[in-house]
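Engineer:
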Amino acid sequence: MTSPAAPQPVSSKIVLRGIYKVYGTRAAQAAALADLQQGAAKAEVQQRTGASVGLAGVDADIPDGLITVIMGLSGSGKSTLIRHLNRLIDPSAGEVRVDGKNILALSLSELRAWRRQAISMVFQNFGLLPHLDVQANVAFGLKVRGEAAQKARETARYWLARVGLDTYEKRYPDELSGGMRQRVGLARALAMDAEILLMDEAFSSLDPLIRYDMQDQLLALQRELHKTIVFVTHDIDEALRVADHVVVLRDGRVEQAGRLEAIRAHPVNDYVRRFMSHRPEGSTSR
Ligand SMILES: Nc1ncnc2c1ncn2[C@@H]1O[C@H](COP(=O)(O)OP(=O)(O)O)[C@@H](O)[C@H]1O
Ligand SMILES: [Mg+2]
Numbered sequence: 012m013t014s015p016a017a018p019q020p021v022s023s024k025i026v027l028r029g030i031y032k033v034y035g036t037r038a039a040q041a042a043a044l045a046d047l048q049q050g051a052a053k054a055e056v057q058q059r060t061g062a063s064v065g066l067a068g069v070d071a072d073i074p075d076g077l078i079t080v081i082m083g084l085s086g087s088g089k090s091t092l093i094r095h096l097n098r099l100i101d102p103s104a105g106e107v108r109v110d111g112k113n114i115l116a117l118s119l120s121e122l123r124a125w126r127r128q129a130i131s132m133v134f135q136n137f138g139l140l141p142h143l144d145v146q147a148n149v150a151f152g153l154k155v156r157g158e159a160a161q162k163a164r165e166t167a168r169y170w171l172a173r174v175g176l177d178t179y180e181k182r183y184p185d186e187l188s189g190g191m192r193q194r195v196g197l198a199r200a201l202a203m204d205a206e207i208l209l210m211d212e213a214f215s216s217l218d219p220l221i222r223y224d225m226q227d228q229l230l231a232l233q234r235e236l237h238k239t240i241v242f243v244t245h246d247i248d249e250a251l252r253v254a255d256h257v258v259v260l261r262d263g264r265v266e267q268a269g270r271l272e273a274i275r276a277h278p279v280n281d282y283v284r285r286f287m288s289h290r291p292e293g294s295t296s297r
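Mapping of the sequence shown onto my numbering: residues 12 to 297, in sequence order.
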């Protein structure tokens with residue numbers, strides 16, 4: 012954006028170039044990739060080749076220190092995209108750079124080491140270990156990373172207090188409500204002290220009021236922590252509350268990306284406009 016009122020440009024923490032992800036037999040993948048690279052649309056390619064298309068050529072820049080929300084209808088590629096950022100998924104083609112480093116070139120052991128210090132993820136289904144108490148869940152990743160038990164415990168206690176769970180340290184996940192479990196998930200991710208936080212529909216299974224509290228908590232923490240947060244949601248109200256920057260996906264491609272205010276002011280088409288206006292009263296979030 013070049014208007015005089017536009018905020019200062021920030022540097023990109025993560026750069027995606029020409030990301031394609033196709034599923035199917037080897038032959039179907041090759042045919043689908045070739046078609047998509049010629050610009051063919053997802054539905055047509057799937058029909059012609061029998062491949063399933065996750066991403067159909069994504070270029071995106073994720074700004075440093077801001078919250079980027081990835082939006083789009085179900086099946087548009089949000090989860091596929093966010094999972095490329097920590098290489099839970101490898102692309103069929105394309106480049107992923109984080110801090111200028113080509114993470115696709117990392118060996119498995121380099122990737123593991125890089126993930127442990129650079130990037131954490133909060134999952135929709137919490138992903139807590141049921142046989143460990145809350146404190147041990149938060150300390151788990153720190154211990155795996157080689158930190159001494161005492162220090163890991165102290166770090167866990169600090170982050171549990173920060174998310175308001177200091178009196179729940181010795182409880183087990185199945186003794187907690189959904190909102191509390193996700194606070195544990197958030198504490199666990201923050202305890203790793205990574206600069207990048209990935210959140211895929213992390214609040215989507217929570218009741219509306221709890222969800223609102225979690226958004227508040229995240230925003231309060233972010234004012235202090237300035238992490239690079241990539242936040243997937245299909246919920247417009249949530250997106251409008253937490254986003255600095257937005258990437259709107261459709262059928263595996265970027266429909267529009269930029270600062271939230273810029274996109275709200277100038278949506279490129281009705282698909283984007285739909286995501287930028289509040290839902291009508293009484294409609295559901297799905
Ligand atoms: N493992 C897989 N095998 C085949 N197709 C997949 C696989 N994972 C995702 N897809 C396809 O990729 C597309 C995008 O999926 P996804 O990223 O989960 O969408 P979203 O998170 O936006 O709902 C969908 O059409 C889905 O069917
Ligand atoms: Mg998804």
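Glycine residues also receive a C-beta, built at the ideal position from the N, C-alpha and C atoms.
Closer than 9 angstroms, CB to CB, is Ala62 near chain D or not?
Structural biologist: Among the chains of the structure shown, chain D does not appear; only one protein chain is present.
Engineer: Could you say which of Val21, Lys24, Ile25 and Ala52 lies nearest to Val33 if we only look at CA atoms?
Structural biologist: Sequence index remark: in the sequence shown, residue 33 carries index 22 (1-based). When only C-alpha atoms are compared, the closest one is Ala52.
Engineer: So, under 8 angstroms CB-CB, Val243 and Asp211 are touching, yes? Tell me the CB distance rounded to an integer number of Å.
Structural biologist: Counted from its first residue, the sequence shown places residue 243 at position 232. Counted from its first residue, the sequence shown places residue 211 at position 200. Yes, Val243 and Asp211 are in contact; Cβ-Cβ is about 5 angstroms, under 8 angstroms.
Engineer: Could you please give the first and the last residue of the uninterrupted alpha helix (DSSP H) stretch that includes Thr178?
Structural biologist: On the sequence shown, residue 178 is found 167 positions in, with the first residue counted as 1. Per DSSP, Thr178 belongs to no alpha helix (DSSP H) and is neither H nor E.
Engineer: The alpha helix (DSSP H) with Ser120 in it runs from where to where?
Structural biologist: Mapped onto the sequence shown, residue 120 falls at position 109. From DSSP, the alpha helix (DSSP H) with Ser120 extends over Leu119 to Ala129.
Engineer: With distances taken from CA atoms, which of Gly263, Leu27 and Tyr169 is nearest Asp204?
Structural biologist: Within the sequence shown, numbered from 1, the residue matching residue 204 stands at position 193. Looking at the Cα atoms, Tyr169 is the closest of the given residues.
Engineer: Check whether the Cβ of Val283 lies closer than 8 angstroms to any heavy atom of ligand 1, and answer yes or no.
Structural biologist: Translated into the one-based positions of the sequence shown, residue 283 becomes position 272. No - ligand 1 has no heavy atom lying nearer than 8 angstroms to the Cβ of Val283.
Engineer: Would Val265 pass as a contact of Val80 if the rule is Cβ separation under 9 angstroms?
Structural biologist: Locating residue 265 in the sequence shown gives position 254, counting from the first residue. Locating residue 80 in the sequence shown gives position 69, counting from the first residue. Contact: no.
Engineer: Let me check one thing: in DSSP terms, what residues is Pro74 bridge-paired to?
Structural biologist: Sequence index remark: in the sequence shown, residue 74 carries index 63 (1-based). Partner(s): Ser23.
Engineer: Within this structure, are the beta carbons of Asp185 and Pro141 separated by less than 9 angstroms?
Structural biologist: Taking the first residue of the sequence shown as position 1, residue 185 is located at position 174. Taking the first residue of the sequence shown as position 1, residue 141 is located at position 130. Against a cut-off of 9 angstroms, the Cβ pair of Pro141 and Asp185 comes out as a contact.
Engineer: Using 8 angstroms as the cut-off, classify the Cβ of Lys53 as near or not near the heavy atoms of ligand 2, replying yes or no.
Structural biologist: To locate residue 53, count along the sequence shown from 1; it is residue 42. The answer is no for Lys53.
Engineer: Report back the beta-carbon spacing between Val107 and Leu27 to the nearest angstrom; my notes put them in contact at under 8 angstroms.
Structural biologist: If you number the sequence shown from 1, residue 107 lands on position 96. If you number the sequence shown from 1, residue 27 lands on position 16. 6 angstroms between Cβ atoms; contact.
Engineer: Count the other C-beta atoms from every protein chain shown that fall within 10 angstroms of the C-beta of Asp246, then say buried if there are 16 or more, exposed otherwise.
Structural biologist: Within the sequence shown, residue 246 is the residue found at index 235, counting from 1. Its Cβ being crowded by 16 or more others within 10 Å, Asp246 is buried.
Engineer: Helix, strand or coil for Gly65? Go by DSSP, reduced to three states.
Structural biologist: Within the sequence shown, numbered from 1, the residue matching residue 65 stands at position 54. Strand, per DSSP.
Engineer: Does the distance from the C-beta atom of Ala250 to that of Phe286 stay below 9 angstroms?
Structural biologist: In the sequence shown, counting from the first residue as 1, residue 250 sits at position 239. In the sequence shown, counting from the first residue as 1, residue 286 sits at position 275. Yes, the pair counts as a contact, with Cβ atoms nearer than the cut-off.
Engineer: Which same chain residues, not among the five before or five after Ala62, have their C-beta less than 6 angstroms away from its C-beta?
Structural biologist: For this step, residue 62 is matched to residue 51 along the sequence shown. Same-chain partners within the cutoff: Val33, Gly35, Ala39, Gln40 and Ala43.
Engineer: In the segment 161–229, which residue ranges form an unbroken alpha helix (DSSP H) of at least 4 residues, counting only runs that do not cross its ends?
Structural biologist: DSSP runs (the alpha helix (DSSP H)) wholly in the segment 161–229: 189–202.
Engineer: Can you pull every residue whose C-beta falls closer than 5 angstroms to some heavy atom of ligand 1, listed in chain order?
Structural biologist: Having a Cβ closer than 5 angstroms to some heavy atom of ligand 1 are Tyr34, Ser63, Gly65, Ser85, Gly86, Ser87, Gly88, Lys89, Ser90 and Thr91.
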